[in-house]
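Asker: So that we are looking at the same thing, I have put the structure below in structure tokens.
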Amino acid sequence: MIDRLNTYLRRIPVWLVYVAGALPAPILLYMGATGALGVEPIKALEHELGELALKLLIAGLMITPLRRYAGVNLVRFRRSIGLLAFYYVCCHLLVWLLLDVQILSEIWVDIVKRPYVTIGMLGFVLLIPLAVTSNNWSVRRLGPGWRRLHRAVYLAALLGGLHFIMLRKGFQIEPLIYMAVIVGLLVLRMPARARRAPA
Numbered sequence: 015m016i017d018r019l020n021t022y023l024r025r026i027p028v029w030l031v032y033v034a035g036a037l038p039a040p041i042l043l044y045m046g047a048t049g050a051l052g053v054e055p056i057k058a059l060e061h062e063l064g065e066l067a068l069k070l071l072i073a074g075l076m077i078t079p080l081r082r083y084a085g086v087n088l089v090r091f092r093r094s095i096g097l098l099a100f101y102y103v104c105c106h107l108l109v110w111l112l113l114d115v116q117i118l119s120e121i122w123v124d125i126v127k128r129p130y131v132t133i134g135m136l137g138f139v140l141l142i143p144l145a146v147t148s149n150n151w152s153v154r155r156l157g158p159g160w161r162r163l164h165r166a167v168y169l170a171a172l173l174g175g176l177h178f179i180m181l182r183k184g185f186q187i188e189p190l191i192y193m194a195v196i197v198g199l200l201v202l203r204m205p206a207r208a209r210r211a212p213a
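Residue numbers for the sequence shown follow the working numbering, beginning at 15 and rising by one.
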């Protein structure tokens, strides 16, 4: 069963993942422009794009546990999923910059004075070198350092989850579920001996 699934997955071209993954952004933009996102389309667009970014970061974190514990091999899609996550983070950020805040001086004020914006920007900054080095040339050039660099995605995912929690004022279950999933996946990625280590 798993072998058959992996055979099927190997037949899916990576470019198709990029195309299918990128499509929701223009669709959401069109929905916002035509009033299909409710009375606050900019806020709704921001939220949808940010949530898609977080879902893709989580999808990327799931790849190793799925292979380790279920035998499902999605490794060939890891790069495309990671780059799509960065794409949606950029879209989320651009909507905030160009459609929400708009005033340049207010952007810096928001980053400094609003903790959830500060946390979100830190996560974005962490993802930049990962996106830039998501190519074969960088893998060869950086050698073992490439893997160490890309472990920063763990922190970026945690910051993304925290950004979501802080953005949703008051106790709301949805962002807490996202954070719990992120933490759970990071625990599953740890070597078994580290998980069994005494406190």
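Glycine is no exception: its CB is placed at the ideal position from the N, C-alpha and C atoms.
1. Considering just the uninterrupted stretch of the alpha helix (DSSP H) at residue 178, what are its terminal residues?
2. Under 8 Å, with one C-beta from each stretch per pair, do the region 69 to 79 and the region 166 to 176 reach the 3-pair mark?
3. First and last residue of the alpha helix (DSSP H) that includes residue 150?
4. Can the beta-carbon of residue 98 be found closer than 8 Å to that of residue 32?
5. What is the C-beta distance between residue 56 and residue 114, in whole angstroms, given that I count them as a contact (C-beta under 8 Å)?
6. Given a threshold of 16 other Cβ atoms within 10 Å of its Cβ, counted over all protein chains shown, does residue 175 qualify as buried or as exposed?
7. Mind listing, in chain order, the continuous alpha helix (DSSP H) runs of no fewer than 4 residues lying wholly within the region 75 to 113?
8. Taking residue 130 and residue 180 to be in contact with their CB atoms under 8 Å, please state how far apart those CB atoms are, rounded to whole angstroms.
9. Could you tell me if residue 189 is buried or exposed, where buried requires 16 or more neighbouring beta carbons within 10 angstroms of its beta carbon?
10. Alpha carbon to alpha carbon, how far is residue 105 from residue 112? Give it in angstroms, no decimals.
11. With a Cβ-Cβ cutoff of 8 Å, do residue 132 and residue 121 count as a contact?
12. Could you give the DSSP three-state label for residue 138: helix, strand or coil?
13. Determine the burial state of residue 196: buried for a count of at least 16 other Cβ atoms within 10 Å of its Cβ, exposed for fewer.
14. Taking 8 Å as the threshold, find out whether the region 60 to 67 comes into contact with the region 31 to 45 through three or more Cβ pairs.
15. Just to check my reading of the structure: residue 91 and residue 146 have Cβ atoms closer than 8 Å, yes? What is that Cβ distance to the nearest angstrom?
16. In this structure, how does DSSP classify residue 117 when only helix, strand and coil are distinguished?
17. Can you give me the start and stop residues for the alpha helix (DSSP H) that residue 28 sits inside?
18. Assuming contact is defined by CB atoms lying nearer than 8 Å, are residue 203 and residue 78 in contact in what I supplied?
Answerer: If we stick to the structure as given:
1. Along the sequence shown, read from residue 1 onward, the residue named residue 178 stands at position 164. Here the alpha helix (DSSP H) through residue 178 covers 166 to 181.
2. Taking 8 Å as the limit for Cβ pairs, the verdict is that the region 166 to 176 does touch the region 69 to 79.
3. Counted from its first residue, the sequence shown places residue 150 at position 136. Taken as a continuous stretch (DSSP letters only), the alpha helix (DSSP H) holding residue 150 covers 150 to 156.
4. Looking up residue 98 in the sequence shown gives position 84. Looking up residue 32 in the sequence shown gives position 18. With contacts defined by Cβ atoms closer than 8 Å, residue 98 and residue 32 form a contacting pair.
5. The residue labelled residue 56 in the question sits at position 42 within the sequence shown. The residue labelled residue 114 in the question sits at position 100 within the sequence shown. 5 Å between Cβ atoms; contact.
6. Translated into positions along the sequence shown, residue 175 becomes position 161. So residue 175 ends up on the buried side.
7. Along the region 75 to 113, the alpha helix (DSSP H) occurs as fully enclosed runs of 4 or more residues at 92 to 108, listed in sequence order.
8. Here residue 130 is taken as the residue at index 116 of the sequence shown, counted from 1. Here residue 180 is taken as the residue at index 166 of the sequence shown, counted from 1. Their Cβ separation, rounded to whole angstroms, is 4 Å, which keeps residue 130 and residue 180 in contact under 8 Å.
9. The count along the sequence shown starts at 1 and reaches residue 189 at position 175. Flag for residue 189 reads buried.
10. If you number the sequence shown from 1, residue 112 lands on position 98. If you number the sequence shown from 1, residue 105 lands on position 91. Put simply, the backbone Cα of residue 112 is about 10 Å away from that of residue 105.
11. Along the sequence shown, read from residue 1 onward, the residue named residue 132 stands at position 118. Along the sequence shown, read from residue 1 onward, the residue named residue 121 stands at position 107. Residue 121 is positioned such that its CB atom lies no closer than 8 Å to that of residue 132.
12. For the purposes of this step, residue 138 is taken as residue 124 along the sequence shown, with counting starting at 1. Looking at residue 138 - three-state DSSP - the assignment turns out to be helix.
13. To locate residue 196, count along the sequence shown from 1; it is residue 182. Residue 196 is buried by the Cβ-count criterion.
14. The region 60 to 67 vs the region 31 to 45: in contact.
15. In the sequence shown, counting from the first residue as 1, residue 91 sits at position 77. In the sequence shown, counting from the first residue as 1, residue 146 sits at position 132. About 20 Å; that fails the 8 Å criterion.
16. As a working mapping, residue 117 is identified with position 103 in the sequence shown. In this structure, residue 117 counts as coil in the three-state DSSP scheme.
17. By 1-based counting over the sequence shown, the position of residue 28 is 14. Residue 28 -> alpha helix (DSSP H) spans 28 to 36.
18. What you label residue 203 is simply residue 189 of the sequence shown in a count that begins at 1. What you label residue 78 is simply residue 64 of the sequence shown in a count that begins at 1. In this structure, residue 78 lies closer than 8 Å to residue 203 by Cβ.
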